[in-house]
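Working notes, beginning with the structure itself.
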Amino acid sequence: MRTLGAFGSVLALSGAVSAGVFDSPRTVPRGAYEVGIEHLVWMKPSFKFGLFEHMEYGLGGRTDFGLHIGVEAEEPTYIGIDLERRIIGGDRGPMISASLGAHYRDSLRVDIRASLGFGFPQLVSYLGLDVDLPVSEEPEASSVLFIGVGFSANPSLEYRFEALFGLNEDGDQGVDIGAVWRF
1 MRTLGAFGSV LALSGAVSAG VFDSPRTVPR GAYEVGIEHL VWMKPSFKFG
51 LFEHMEYGLG GRTDFGLHIG VEAEEPTYIG IDLERRIIGG DRGPMISASL
101 GAHYRDSLRV DIRASLGFGF PQLVSYLGLD VDLPVSEEPE ASSVLFIGVG
151 FSANPSLEYR FEALFGLNED GDQGVDIGAV WRF
């Protein structure tokens with residue numbers, strides 16, 4: 001019951017949360033879920049803050065379903081979904097995952113993401129590419145290279161830190177700092 005109360009409290013915060021990547025190649029086990037809160041700071045081309053919430057549920061077969069909600073200064077609310085599958089690896093050693101999803105902020109976009117990493121007993125280091133493809137007539141896709149590390153404080157809590165490098169003309173650069181709780 002306490003777990004459901006904590007999950008409900010985090011869901012209540014979702015009305016106040018935009019999108020960095022915040023994704024390691026690890027996936028959620030079948031029947032389990034995790035909730036993450038991420039603080040996003042874009043430093044280039046302009047300085048702005050965002051707050052995102054990520055909720056993922058393990059579907060089995062190294063696959064999970066995610067819901068992402070966020071807000072960023074002077075931007076419309078972000079909402080997205082994705083399906084992620086770990087293609088290679090377990091929680092330790094080399095791992096690769098891929099995900100496909102969609103998000104809406106001011107227009108609908110398809111998300112394609114791939115990440116590779118290496119897991120240690122209490123640490124995972126990873127890097128990947130996140131590509132957003134516009135569904136409308138907008139001609140330009142955007143992509144972000146992300147490099148991150150996750151540190152497990154205990155089996156149910158992981159802290160994550162990511163550096164974000166935009167690969168489009170604007171050259172956005174930022175950092176994500178947050179935590180993930182596993183239930």
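Using our numbering, count along the sequence shown one by one with no gaps and you end on 183.
A virtual CB, placed ideally from N, CA and C, is assigned to each residue, including glycine.
message = Tell me which residue opens and which closes the beta strand (DSSP E) that Arg109 is part of.
response = That run of the beta strand (DSSP E) goes Leu108 to Phe120.
ask   = Leaving out the 5 sequence neighbours to the left and right, which residues in its chain are closer than 8 Å to Phe47 when beta-carbon positions are compared?
value = Excluding positions up to five away in sequence, the list reads Val41.
message = Ignoring anything shorter than 3 residues, give me the beta strand (DSSP E) runs that lie fully in the region 117-181, in order along the chain.
response = DSSP runs (the beta strand (DSSP E)) wholly in the region 117-181: 123-134, 142-154 and 157-166.
key: Spatially closest choice to Phe183 from Met55, Val131 and Gly117, by CA coordinates   = Taking only the C-alpha atoms, the option nearest Phe183 is Met55.
query = Going along the chain, which residues of its own chain have a beta-carbon closer than 6 Å to the beta-carbon of Glu158, five neighbours each way excluded?
reply = Excluding residues up to 5 positions away in sequence, Gly150, Ser152 and Val180 lie with their Cβ nearer than 6 Å to the Cβ of Glu158 in the same chain.
task = Could you tell me the distance, in whole angstroms, from the CA atom of Leu108 to the CA atom of Ile69?
result = Each residue's Cα considered, the two are about 14 Å apart.
ask   = When DSSP builds the beta bridges, which residues end up paired with Leu67?
value = Bridge partners of Leu67: Met55 and Ile81.
query = Taking Gln173 as the reference, which of Val28, Asp91 and Phe49 has the closest Cα?
reply = The residue with the shortest Cα to Cα distance from Gln173 is Phe49.
inquiry  = Whole angstroms are fine: how far does the CA of Arg30 sit from the CA of Ile177?
reply    = Near 26 Å, if we compare the C-alpha coordinates of Arg30 and Ile177.
query = Helix or strand or just coil, what does DSSP make of Val28?
reply = Three-state result, Val28: coil.
message = Going by DSSP in three states, Gly90 sits in which element: helix, strand or coil?
response = DSSP places Gly90 in coil when its eight states are reduced to three.
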